[in-house]
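Here the structure is laid out as structure tokens; the discussion comes afterwards.
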Amino acid sequence: MSFGYWREQHARTGPLLLCKHEECTVRIIGYVRLSRASREESTSIVRQRELIAQTCTLRDDFELIDLVEDVDVSATRSRLDRPGLNKVREMVRRGDADAVMVWRLDRLVRSVVDVGVLLDEGLQIISATENLDTTSAMGRAMIEILQVFASMEAKTIGVRVAASQERLRNNGRWPGGVVPYGYRSVPHPTGAGRALEPEPFEARIVRRMADEVLAGSPVFAVTARLNADGVPTRRPIKNDDGTESRRDWSPTSVQRILRSDAVLGRVRLGGIHKRSGRKTTTTKKAEPLRDELGIPVSVWPPLLSVEEVERLRELTDWKPIPGRSEATRQGRRQRRTRLLSGLLSCPTCGHELVAKSRRSTTGEDIYTCNAKSRGLVCECGVAVECYRIEAEVERQFLGAYGRLRLVEPSTIIREVAGLAAVQEAIRDTTDRLRDPDADVPTLVDRLTDLRRERERLEAVPERPVVVMVDAGMTVEEAWADRDVTLRREIIEASGVSITLAHAAQRGRWDPARVSVEFPIGYLTERDFAS
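The opening residue of the sequence shown carries number 1 in UniProt numbering; numbering runs sequentially from there.
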């Protein structure tokens, strides 16, 4: 039995992984989709699955690792927000798959813009029945051409939409989007379009925030009282089981509301944003809508007066303290040097446990819940000395994985397909030119064409491929040889989760409080015997 059995299904992407493969092929995740409107036999789920599986079987360098379905889902209505497609994107993002294969491209997307979004995320697309493979040079070239036209179309649409929204705002109508906190969308009094009016409950919360800050309370204290009183935020947290939980207020969100133009009933115009991949950069800030004299106007009923907002902006203005930024960065670096930094959570509130220096009665560093320091609610926090829990996690982790062979990712550059064959043909043609009976004009023309093809292929970016190589040691040997940062990376790559329970007796350490949960399929001592 291979020592790295579980990696294919359960390991996370990371600098250190456990893997059974010495060489990695292209890992394909199949994607099939069927909308409610399409019930033809040729587009059935079964037919799509068969064609994808058959195509992967015919290719030696393809390995089909999973097939994901979206049934009764429209690609036009839902765009890229589909359960199955989201799973595909997440697998590629984690590094569990290299490319997605579909029966036809329209099973995946119906918009060239959406294709560009997926490619920007690193998703390679292969069609089982069409001449489309973005892992090849020709496939990438086709997509690039389509994206040029799509970009032109998107820019034109963006200009039209921006002009339409600005016109609506100038006419006192709500153009759509996220409604500012304290307001709700209602029909416009003229009967055309929408407008905003104060939402009674949220407006009272804004007034409460403002009164407390104006009375001298810090934003942090205001935030803590909102959370303690159970005041709901606009958007709850969606749990995995479909239920919703209350999201806590943060000092940043309170400060943003009190300093905004929205509480004055104002709208902002003329902002220009440039999007590159997932990053959006503001190239021109939006300005409030103004009258003929240049004075900002209130389009909606204001929640606070101009004088109050000006005073709130003064009270909540962030003033840098000399040396504070560097001290903060230094503290963060020190906290990240602990073995379990970022891997532990509070058993009460679920927030991350952070390492703090010399806070225990014995002077030892501790992991403790920092919810209250962020203005959040935690009914029963937890604290544990760092060295105790780290020793227990090390014992359980190495007991399960210590004998596994450690493998690490190594990036190699895969030569462009066809380049080696062209170079071989050039050498062969050159040799034939030395033959006294050679057809020189024909061979010269062939050599010219081959050199032109070689130049074209050499211009194609070479594809980096990650393969797993044996590190020449076991996990236990690597653990003893490496520092805290690399040990933490080994734990993160393994996919384990660490749970800390509350102490049964205050002030007394019990190793049973620590539970290291391993991914399904991890190796045990019995596996080594086999």
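Beta carbons: idealized from backbone N, C-alpha and C, even for Gly.
(message) Rounded to the nearest angstrom, what separates Val496 and Arg488 at their Cα positions?
(response) Numbered from 1 along the sequence shown, position 496 holds the residue referred to as residue 496. Numbered from 1 along the sequence shown, position 488 holds the residue referred to as residue 488. So the alpha carbons of these two residues sit roughly 11 Å apart.
(request) Identify whether Trp479 lies in helix, strand or coil by the three-state DSSP scheme. (result) Position 479 of the sequence shown, counting from 1, holds the residue named residue 479. Reduced to three states, the DSSP call for Trp479 is helix.
(message) Checking 8 Å against the spacing of the C-beta atoms, do Ser373 and Asp365 come in under that value?
(response) Counted from its first residue, the sequence shown places residue 373 at position 373. Counted from its first residue, the sequence shown places residue 365 at position 365. No, these two residues do not count as a Cβ contact at 8 Å.
(message) Within 10 Å of its beta-carbon, does Asp70 have 16 or more other beta-carbons around it, so buried, or fewer, so exposed?
(response) On the sequence shown, position 70 is the one that residue 70 refers to. That one is buried.
(message) With distance defined between alpha-carbon atoms, name the residue in Gly402, Thr135, Glu130, Val514 nearest to Leu119.
(response) Stepping through the sequence shown from its first residue, residue 119 is reached at position 119. That would be Thr135, whose Cα lies nearest to the Cα of Leu119.
(message) Which of the three DSSP states is assigned to Ser253 in this structure?
(response) If you number the sequence shown from 1, residue 253 lands on position 253. If DSSP states are grouped into helix, strand and coil, Ser253 belongs with the helices.
(message) With DSSP as the reference, identify every bridge partner of Thr515, one or two as the case may be.
(response) Taking the first residue of the sequence shown as 1, we reach residue 515 at position 515. A small fix is needed here, since residue 515 is Ser in this sequence, not Thr. Answer by DSSP bridge pairing, in chain order: Thr499.
(request) Taking the CB atoms as reference points, tell me whether Ser127 and Pro180 lie closer together than 8 Å. (result) Indexing the sequence shown from 1 puts residue 127 at position 127. Indexing the sequence shown from 1 puts residue 180 at position 180. Not a contact, by the Cβ cut-off of 8 Å.
(request) May I have the straight-line CA-CA distance separating Ile65 from Val26, to the nearest angstrom? (result) Translated into the one-based positions of the sequence shown, residue 65 becomes position 65. Translated into the one-based positions of the sequence shown, residue 26 becomes position 26. Computed Cα separation, rounded: 10 Å.
(message) Closest to Ile237 by C-alpha separation, out of Asp229, Val231, Arg246, would be which residue?
(response) The residue you call residue 237 lines up with position 237 of the sequence shown. Nearest option by C-alpha distance: Arg246.
(request) With a floor of 4 residues, list each alpha helix (DSSP H) that falls wholly inside the segment 409 to 456, ordered by position along the chain. (result) 419 to 433
(request) Please say whether Glu130 and Arg104 have beta carbons closer to each other than 8 Å? (result) Translated into the one-based positions of the sequence shown, residue 104 becomes position 104. Translated into the one-based positions of the sequence shown, residue 130 becomes position 130. Yes, they are a contact pair.
(message) Taking the alpha carbon of Gly193 as the reference point, which residue from Arg208, Tyr183, Gly176, Arg207 has its own alpha carbon closest?
(response) The residue given as residue 193 occupies position 193 in the sequence shown. Closest by alpha carbon: Gly176.
(message) Using CA atoms only, rank isn't needed, just tell me which of Thr448, Ala478, Cys346 is closest to Gln423.
(response) Along the sequence shown, read from residue 1 onward, the residue named residue 423 stands at position 423. With distances taken between Cα atoms, Gln423 lies closest to Thr448.
(request) Would you mind reading off the limits of the beta strand (DSSP E) that contains Glu69? (result) Your numbering for residue 69 matches position 69 in the sequence shown. Taken as a continuous stretch (DSSP letters only), the beta strand (DSSP E) holding Glu69 covers 62 to 71.
(request) Count the C-beta pairs between the segment 506 to 518 and the segment 424 to 441 that are closer than 8 Å, then say yes if the count reaches three, no if not. (result) no
(request) Counting only the same chain and skipping the five closest in sequence on each side, list residues whose C-beta sits under 7 Å from that of Thr474. (result) Within the sequence shown, residue 474 is the residue found at index 474, counting from 1. Correct list, in chain order: Gly402, Arg403, Leu404, Arg405, Leu406.
(message) If I measure Cβ to Cβ from Glu202 and keep anything under 7 Å in the same chain, skipping five residues before and after, which residues do I get?
(response) On the sequence shown, residue 202 is found 202 positions in, with the first residue counted as 1. These residues qualify, in order along the chain: Tyr181, Gly182.
(message) So, with DSSP's three-state summary, where would you put Gly116?
(response) Within the sequence shown, residue 116 is the residue found at index 116, counting from 1. Reduced to three states, the DSSP call for Gly116 is helix.
(request) Report yes if the CB atom of Ile426 is closer than 8 Å to the CB atom of Arg454, and no otherwise. (result) For the purposes of this step, residue 426 is taken as residue 426 along the sequence shown, with counting starting at 1. For the purposes of this step, residue 454 is taken as residue 454 along the sequence shown, with counting starting at 1. In contact: Ile426 and Arg454 (Cβ atoms closer than 8 Å).
(request) With DSSP collapsed to three states, give me the class of Ser373. (result) Sequence index remark: in the sequence shown, residue 373 carries index 373 (1-based). Here Ser373 sits in helix by DSSP.
(request) Could you check which residue in Arg59, Arg94, Gln48, Thr55 has the C-alpha nearest to that of Val493? (result) Against the sequence shown, residue 493 aligns to sequence position 493. According to the sequence provided, residue 493 is Ala. The question's Val does not apply to it. Measuring from the Cα of Ala493, the nearest candidate turns out to be Arg94.
(message) Using a Cβ-Cβ cutoff of less than 6 Å, which residues in the same chain neighbour Cys56 once the five nearest sequence positions on both sides are dropped?
(response) Taking the sequence shown and counting its residues from 1, one reaches residue 56 at position 56. Counting only Cβ-Cβ distances below 6 Å, and skipping sequence neighbours, we find Ile28, Phe62, Leu64.
(request) Measure the beta-carbon distance from Pro302 to Leu264 and round it to whole angstroms, keeping in mind my assumption that it falls under 8 Å. (result) Looking up residue 302 in the sequence shown gives position 302. Looking up residue 264 in the sequence shown gives position 264. Indeed they touch by this definition, with Cβ atoms about 5 Å apart.
(message) According to DSSP, is Ser44 part of a helix, a strand, or is it coil?
(response) Taking the first residue of the sequence shown as position 1, residue 44 is located at position 44. Ser44 falls in the coil class under three-state DSSP.
(request) Please list, in chain order, all residues of the same chain as Asn370 whose beta carbon is under 6 Å from its beta carbon, the five residues on each side excluded. (result) Here residue 370 corresponds to residue number 370 of the sequence shown, with the count starting at 1. Answer for Asn370: Val354, listed in chain order.
(request) Report the three-state DSSP secondary structure of Asp211 (helix, strand or coil). (result) Here residue 211 refers to the residue found at position 211 when the sequence shown is read from its first residue. Looking at Asp211 - three-state DSSP - the assignment turns out to be helix.
(message) Taking the alpha-carbon of Gln396 as reference, which of Pro511, Leu289, Thr190, Glu379 has the nearest alpha-carbon?
(response) In the sequence shown, the residue the question calls residue 396 occupies position 396. Gln396 has its Cα closest to that of Pro511, out of Pro511, Leu289, Thr190, Glu379.
(message) Do Asn227 and Leu123 have their beta-carbon atoms positioned less than 8 Å apart in this structure?
(response) Here residue 123 refers to the residue found at position 123 of the sequence shown. Here residue 227 refers to the residue found at position 227 of the sequence shown. No, they are not a contact pair.
(request) Work out the CA separation of Arg79 and Arg110 for me, nearest whole Å. (result) One-based indexing of the sequence shown puts residue 110 at position 110. One-based indexing of the sequence shown puts residue 79 at position 79. Their backbone Cα atoms lie some 8 Å apart in a straight line.
(request) Could you pull out every residue in the same chain whose Cβ sits closer than 6 Å to the Cβ of Cys349, ignoring the five residues on either side in sequence? (result) Here the question's residue 349 lines up with position 349 in the sequence shown. Within the same chain, Cys349 has close Cβ partners Ala371, Cys378.
(message) Quick test of your reading: Thr368 and Ala383, contact by CB under 8 Å. State the CB separation rounded to the nearest angstrom.
(response) Counting from one through the sequence shown, the residue named residue 368 turns up at place 368. Counting from one through the sequence shown, the residue named residue 383 turns up at place 383. The Cβ separation is near 4 Å, so the contact holds.
(message) Can you find the residues in the same chain that come closer than 6 Å, C-beta to C-beta, to Glu197, ignoring five residues on each side of it along the sequence?
(response) If you number the sequence shown from 1, residue 197 lands on position 197. Closer than 6 Å at Cβ, skipping near neighbours: Val186.
(request) Can you tell me which of Gly84, Pro200, Glu308 puts its alpha carbon nearest to the alpha carbon of Arg107? (result) In the sequence shown, counting from the first residue as 1, residue 107 sits at position 107. Out of Gly84, Pro200, Glu308, Gly84 has the C-alpha closest to the C-alpha of Arg107.
(message) In whole angstroms, give me the CA-to-CA distance for Leu258 and Val297.
(response) On the sequence shown, residue 258 is found 258 positions in, with the first residue counted as 1. On the sequence shown, residue 297 is found 297 positions in, with the first residue counted as 1. Going from the Cα of Leu258 to the Cα of Val297 covers about 18 Å.
(request) Check whether the Cβ atoms of Ile52 and Met91 lie closer than 8 Å to each other. (result) Here residue 52 refers to the residue found at position 52 when the sequence shown is read from its first residue. Here residue 91 refers to the residue found at position 91 when the sequence shown is read from its first residue. No, the pair does not count as a contact, with Cβ atoms beyond the cut-off.
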